[in-house]
Structures are given as structure tokens and as C-alpha cells.
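Numbering (our numbering), first residue to last: 2 to 381.
Since the structure comes first, as C-alpha cells, the remarks are kept for the end.
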DNA sequence: CATTCGTGGTC
DNA sequence: TGACCAAGAAT
């Protein structure tokens with residue numbers, strides 16, 4: 002009967018949090034107002050989605066240095082924001098964040114969203130992030146159920162919840178709303194952040210430190226011994242995909258690069274061409290045949306660059322690469338002509354690229370490439 | 001509701 | 001060393 006579940010007195014949790022809270026850069030409080038900058042909370046909550054605090058901190062510092070406030074972010078070009086996001090993953094977060102910043106910046110100051118319900122409509126702000134910004138910035142009594150909070154509540158109540166299950170998340174939100182109402186003297190923002198901190202510091206996924214936990218006496222899963230296995234893991238397996246990357250390289254060092262479509266996997270990022278399966282001799286010959294008529298006295302030198310595995314949450318790339326150095330003895334090949342001669346090849350790319358350009362190392366350095374390619378690009 | 005979205009740390 | 005998983009959202 003989950004309808005009769007109650008959360009315990011938050012006193013021990015708040016006492017523990019007062020002494021154990023980490024000094025994180027997005028927790029800085031304005032000494033005059035005693036409040037946090039909602040913009041800084043917003044940026045941190047977007048970066049922290051499915052990302053550990055330790056990984057976020059350097060990105061957060063650089064981002065806030067470049068874009069200290071809403072207007073500076075709203076004025077930024079998307080390529081620049083993606084470059085700052087390079088390596089952090091889930092790049093739709095960066096695109097949505099920029100779109101939301103532009104939308105909010107266009108509003109009069111007194112019309113900007115300050116409640117969880119109004120924040121929820123912005124791109125990139127879902128139920129958790131809306132509640133987190135509203136509670137941490139404005140102390141609204143809004144639930145903010147992330148993976149930490151779900152895990153803590155799941156164990157406190159010894160429930161068979163599955164990680165990422167939306168029904169369990171809504172259930173947790175209902176319990177939290179009753180919790181805030183039952184303890185009106187406690188700050189909802191403080192309660193939310195203390196729960197998150199408990200999940201991140203003690204109530205860890207596979208090895209909870211129950212001996213140090215302020216909720217140990219109240220925890221049902223600790224009594225039952227099921228805490229380490231809760232919440233239940235979701236069943237999902239990455240789908241394997243073998244890819245080969247021919248790295249078209251001109252004598253001067255320019256590399257043929259493609260910009261991926263603006264949405265979807267690695268949306269808006271740059272890459273080199275991919276072919277499904279192996280880059281066998283027949284395919285190498287076909288590529289040379291397409292190039293040859295347009296390069297006087299051209300020489301083609303293939304060089305294998307090895308391979309490595311890159312695992313996404315739903316996809317597993319087995320990615321190999323070979324460089325193809327193109328050099329002409331008389332005149333250097335015209336990059337535009339080469340691109341045109343490769344059009345039939347490039348049209349087979351999946352997904353079809355937005356743009357194909359020959360980029361020098363310095364130019365590539367200004368653009369965002371997925372981490373899966375960093376190793377190969379570094380070898381050129 | 002299920003799937004699609006990255007990357008790096010941890011054990 | 002490979003499986004697990006993190007301050008979730010969009011579709």
C-alpha cells in the first residue's frame with residue numbers, strides 16, 4: 002500500500018547536510034541577497050543532467066567565464082557554445098540551453114519564468130530541472146526527483162522501483178509534496194539539495210554507507226538488506242555497429258570534415274566520413290577512381306590508423322580509420338573539385354551531412370568533434 | 001511508455 | 001577489464 006507511505010522527519014538529514022555539503026561552484030550565494038543567481042543554477046542543472054559533478058566543474062567554470070549572464074549567452078553563436086560543450090556529451094543540452102536563453106532574454110525582465118510550472122516549458126527543462134531551479138533559486142516547494150532522490154526514497158521506503166521509471170518518479174514527487182507540507186519550517190530548496198547530496202555522498206548506487214547515514218534508523222531497505230540492489234536496474238543493451246573512417250588528407254594537412262545534421266546523435270558536431278563495415282580493397286579502389294580524373298599525377302597513400310570501440314548508451318561503435326593522403330606532383334589538387342568528385346560517396350553518408358569542408362588542424366581546433374574521434378585526429 | 005540521446009569514472 | 005551508471009529530456 003504505497004498510498005500510506007510517509008517520509009521521515011528531515012531534521013537528521015538537514016543537520017547532516019549542514020556539516021557535509023560540498024563547496025561546489027554553483028552553490029555560491031550572493032552575500033547581499035542571500036540567494037543564488039538563477040542563471041548560474043540553471044546552467045549547472047543542465048550540465049549536471051546524467052553527468053557527475055566532478056566532470057561538470059571545469060566545463061561550468063569555463064562556461065560562466067565566457068557567458069557570465071543570460072544576455073551574454075543569448076548573444077553567443079551556436080558553434081561557440083558547442084565548442085565549449087565539446088566532450089561533455091548529450092549535445093542537445095547545449096542547443097536547447099541556447100534556444101531557451103534566447104527565448105528568455107527576449108522577454109521583459111518582469112515576465113521571465115520563475116516558477117517550476119513556467120520553467121518547464123523551456124527547451125531542455127523537464128520535470129526535474131524545473132523543480133531544481135525553482136526550489137534552489139526561489140525556494141518554491143517544487144519536487145526535484147533526480148536519480149539520487151529516487152534512489153534515496155526508493156530505499157527509505159523499500160520499494161521495487163526501476164531506475165528511470167516515470168511512474169516511480171511521479172510517485173516520489175507526490176511524496177515530496179506531502180513532505181514539504183508536513184514540515185513547513187524546513188526550506189524546500191534545502192530539503193531537495195540535502196536529498197541530492199545524500200544520494201551523491203552516502204546513499205551510493207551499489208555500496209551505500211548506511212553506517213554514516215542520517216536516515217539509517219528510518220530506512221526500510223537497510224532493515225531488509227535490499228538497499229544495494231535498489232532501485233532495480235533497467236534492461237537495455239547497446240546495438241553493435243562496425244564503421245570505418247577514411248581520413249582524406251591533402252598534402253598541406255587539410256582534412257575532409259563533415260558537419261552532422263543539427264539534431265539527433267552528435268547533432269551539430271563535426272566528423273570525418275564513415276563507411277559501414279570494412280574499408281576493403283575494392284572500396285579503396287573505388288574512392289581512388291572517383292578522385293583520379295580530377296588530380297593530375299595524383300598519388301594516393303593509404304595508412305591504417307588502428308581501431309577502437311566507443312560505447313554509447315544505446316549504440317556501440319567499433320570504429321576503424323585509415324588516412325588517405327592525396328598529393329599531386331605538378332599542381333596541388335583543388336579542394337572544391339575533390340569535394341565534388343566525392344559527392345556520390347558523401348551522399349551515402351549516414352546521416353547525410355550538412356556541410357563538407359577541407360579543414361586545417363587550426364580550423365578543426367575551433368570546431369566541436371565527438372570524443373570518439375579525438376584519438377584518430379590526434380594521430381594526423 | 002519505450003527509445004534515443006555521450007562521456008568518463010569506478011569497481 | 002568490462003559492466004555499471006551518473007543532479008534527465010525529447011520524441
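Glycine included, each C-beta is placed from N, C-alpha and C at the ideal position.
Point to revise | Proximity below 7 Å, CB of residue 199 to CB of residue 153 | key: Cβ distance < 7 Å, so residue 199 and residue 153 count as in contact.
*residue 399: which of 297, 372, 280 and 249 sits nearest, CA to CA?*
For residue 399 there is no data in the structure shown, the boundaries of the chain being 2 and 381.
The alpha helix (DSSP H) that contains residue 379, what's its start and end? Residues 372-379.
* **For residue 144, the nearest candidate out of 161, 79, 118 and 159 (CA to CA)** => Per the Cα distances, 118.
(request) May I have a chain-ordered list of the beta strand (DSSP E) segments no shorter than 3 residues that lie completely inside the segment 268-345? (result) 299-312 and 316-329, all fully within the segment 268-345.
Taking the straight line between their C-alpha atoms, what separation do you get for residue 288 and residue 349?
As the crow flies, the alpha-carbon of residue 288 is around 13 Å from that of residue 349.
Q. Which one or two residues does DSSP pair with residue 357 in a beta bridge?
A. Bridge partners of residue 357: 259.
Separation of residue 132 from residue 38, as counted between CA atoms:
Put simply, the backbone Cα of residue 38 is about 15 Å away from that of residue 132.
Practice item. Could you have a look at residue 237 and say whether DSSP puts it in helix, strand or coil? Key: Note: residue 237 maps to coil in three-state DSSP.
What's the C-alpha gap between residue 257 and residue 274?
When rounded, the distance between both Cα atoms is 8 Å.
For residue 216, three-class secondary structure by DSSP: In the structure shown, residue 216 sits in coil (DSSP, three-state: anything other than H, G, I, E or B).
| query | Since residue 191 is in the alpha helix (DSSP H), which residue starts that stretch and which ends it? | reply | It spans 189-202 - the alpha helix (DSSP H) in which residue 191 sits, taken as one unbroken run.
Legend entry - For residue 20, the three-state DSSP class (helix, strand or coil): Here residue 20 sits in helix by DSSP.
Taking the C-alpha atoms as reference points, what is the distance between residue 270 and residue 186? Their backbone Cα atoms lie some 48 Å apart in a straight line.
Item to check | Integer Cβ distance of residue 90 from residue 52, believed to fall under 8 Å | outcome: About 7 Å; that satisfies the 8 Å criterion.
Looking at C-alpha atoms only, which residue of 218, 148 and 134 is the closest neighbour of residue 142? Ranked by Cα distance from residue 142, the options 218, 148 and 134 are led by 134.
Is the beta carbon of residue 340 less than 7 Å from the beta carbon of residue 302? Residue 302 sits away from residue 340, with the two beta carbons spaced by 7 Å or more.
At the level of alpha carbons, what is the spacing between residue 215 and residue 36? Distance between the alpha carbons of residue 215 and residue 36 is about 26 Å.
Quiz item: Bridge partners of residue 247, per DSSP?
Solution: Looking at the DSSP assignment, residue 247 forms a beta bridge with 323.
What would DSSP say about residue 158, mapped onto helix, strand or coil? Residue state, collapsed to three classes: coil.
Task: Per DSSP, the bridge partner or partners of residue 242 - done: Per DSSP, the beta-bridge partners of residue 242 are 318.
Worksheet item: Rounded to whole angstroms, how far is the Cβ of residue 156 from the Cβ of residue 231, which I believe are closer than 8 Å?
Response: Taking C-beta atoms under 8 Å as the contact rule, residue 156 and residue 231 qualify, at a distance of about 5 Å.
For this session: Measure from the alpha carbon of residue 50 to the alpha carbon of each residue in 338, 98 and 366, then state which is nearest.
Result: Of all alpha-carbon atoms in 338, 98 and 366, the one lying nearest the alpha-carbon of residue 50 is that of 98.
### Message
Among the candidates 318, 316, 246 and 314, whose CA atom is the shortest distance from the CA of residue 284?
### Response
Checking every option, the nearest Cα to that of residue 284 belongs to 246.
Quiz prompt | CB contact flag (residue 164, residue 234, <7 Å) | solution = Note that the C-beta distance between residue 164 and residue 234 is below 7 Å.
8 Å CB neighbourhood of residue 3 in its chain, flanking five on each side removed:
Confidence is the limiting factor: at residue 3 the pLDDT is only 49, short of 50, which leaves the residue's position unreliable and the question unanswerable from this model.
Next on the checklist: Please report the straight-line C-alpha distance between residue 354 and residue 368, rounded to a whole angstrom.
Outcome noted: When rounded, the distance between both Cα atoms is 15 Å.
Self-check item: The alpha helix (DSSP H) enclosing residue 76, as first and last residue numbers
Solution: Premise fails: residue 76 is in no alpha helix (DSSP H) and is neither H nor E.
Over the uninterrupted alpha helix (DSSP H) stretch that includes residue 128, give me the two end residues.
-> Element bounds for residue 128: 128-139.
- What separation, rounded to the nearest whole angstrom, lies between the Cα atoms of residue 267 and residue 377? Put simply, the backbone Cα of residue 267 is about 17 Å away from that of residue 377.
Length of the line joining the Cα atoms of residue 25 and residue 183:
In a straight line, the C-alpha of residue 25 is about 29 Å away from that of residue 183.
>> Since residue 317 and residue 239 should fall inside the 8 Å C-beta cutoff, what is the C-beta to C-beta distance between them, to a whole number of angstroms?
In response: Between the beta-carbon of residue 317 and that of residue 239 there is about 4 Å, and that keeps the pair under the 8 Å contact cut.
Review point. Where does residue 30 land, buried or exposed, given buried means 16+ other C-beta within 10 angstroms?
Key: Looking at its Cβ environment, which holds fewer than 16 other Cβ atoms inside 10 Å, residue 30 is exposed.
query: Considering only the beta carbon of each residue, do residue 95 and residue 82 sit closer than 7 Å?
result: A Cβ-Cβ contact shorter than 7 Å links residue 95 with residue 82.
Do residue 292 and residue 342 have their C-beta atoms closer together than 7 Å?
-> Going by C-beta atoms, residue 292 is nearer than 7 Å to residue 342.
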